[in-house]
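Residue numbers (this note's numbering): 2 to 206.
Glycine residues also receive a C-beta, built at the ideal position from the N, C-alpha and C atoms.
Only a predicted model underlies this, so the values are computations on that prediction, with no experimental measurement involved.
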């Protein structure tokens, strides 16, 4: 991988990661609701899921063949939709917290990252990467560099969103904790919309 290709790919990946999509929305809302630890766990889930897809792509696995397996892809997407719905219900019912804190680690935040990653095109890398590189021509060193580049950019960009949201949380709720109710409703609504969109795309594909 040449230096110019590395730079152009880095810029493109940064722009994609920074775009206000489902991953960014999930990171920000979970941080505002549950604190910085929760937001970083969401980021971890997103990065892990994206790396799984990328590794499968680099290994030559055509993920499109999943669609030919009896119900396998449908089951995966519906499970992700169920996770989003459950998280939405939890957000809607979450009480107002008068004492702001950084929250606690929870597997639900990590699963939220996994689930929201699936609301993006799971086969994104199959369409995105060939515009920059010939996947079949990558050496092992190139593949390792690519994995490190993507995971690093995702972590830095989404992590920055989480840090900013953690600062914003204090400004929003310290003097007006009742605002949390509106955030809980908005977060739940976003999760429900993502779940419905994922169900619809699964049924109609």
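Under the rule that 16 or more other beta-carbon atoms within 10 Å means buried, what is residue i, buried or exposed?
i: residue 55; result: buried
i: residue 31; result: buried
i: residue 142; result: exposed
i: residue 108; result: exposed
i: residue 28; result: buried
i: residue 23; result: buried
i: residue 20; result: exposed
i: residue 138; result: exposed
Whose C-beta lies closer than 7 Å to the C-beta of residue i among residues of the same chain, with five residues either side of it excluded?
i: residue 11; result: 150, 154
i: residue 111; result: 42, 45, 46
i: residue 3; result: none
Roughly how far, in whole angstroms, is the beta-carbon of residue i from the beta-carbon of residue j, given that I think they are within contact range, below 8 Å?
i: residue 34; j: residue 190; result: Contact doesn't hold; Cβ gap of about 13 Å is too wide.
i: residue 92; j: residue 192; result: 6 Å
i: residue 81; j: residue 159; result: The Cβ separation is near 18 Å, so there is no contact.
i: residue 133; j: residue 13; result: 7 Å
Sorted by chain position, which residues of the same chain lie with C-beta nearer than 6 Å to residue i's C-beta, five sequence neighbours on each side aside?
i: residue 50; result: 115, 118
i: residue 86; result: 196
i: residue 212; result: An answer regarding residue 212 cannot be provided, because it is not within the stretch 2 to 206 covered by the chain.
i: residue 59; result: 144
i: residue 6; result: none
What residue from the options has the CA that sits closest to residue i's CA?
i: residue 18; options: 91, 92, 162; result: 162
i: residue 202; options: 9, 4, 77, 25; result: 77
i: residue 88; options: 53, 60, 39; result: 39
i: residue 25; options: 204, 156, 52, 148; result: 156
i: residue 194; options: 75, 83, 15, 48; result: 83
i: residue 204; options: 15, 113, 3, 75; result: 75
i: residue 9; options: 164, 147, 186; result: 147
i: residue 184; options: 94, 164, 113, 79; result: 94
Leaving out five residues on either side along the sequence, give the residues of the same chain with a beta carbon under 8 Å from the beta carbon of residue i.
i: residue 152; result: 48, 51, 52
i: residue 15; result: 154, 158
What are the complete beta strand (DSSP E) segments, minimum 3 residues, inside the region 131-173?
The beta strand (DSSP E) runs of length 3 or more contained entirely in the region 131-173 do not exist; there are none.
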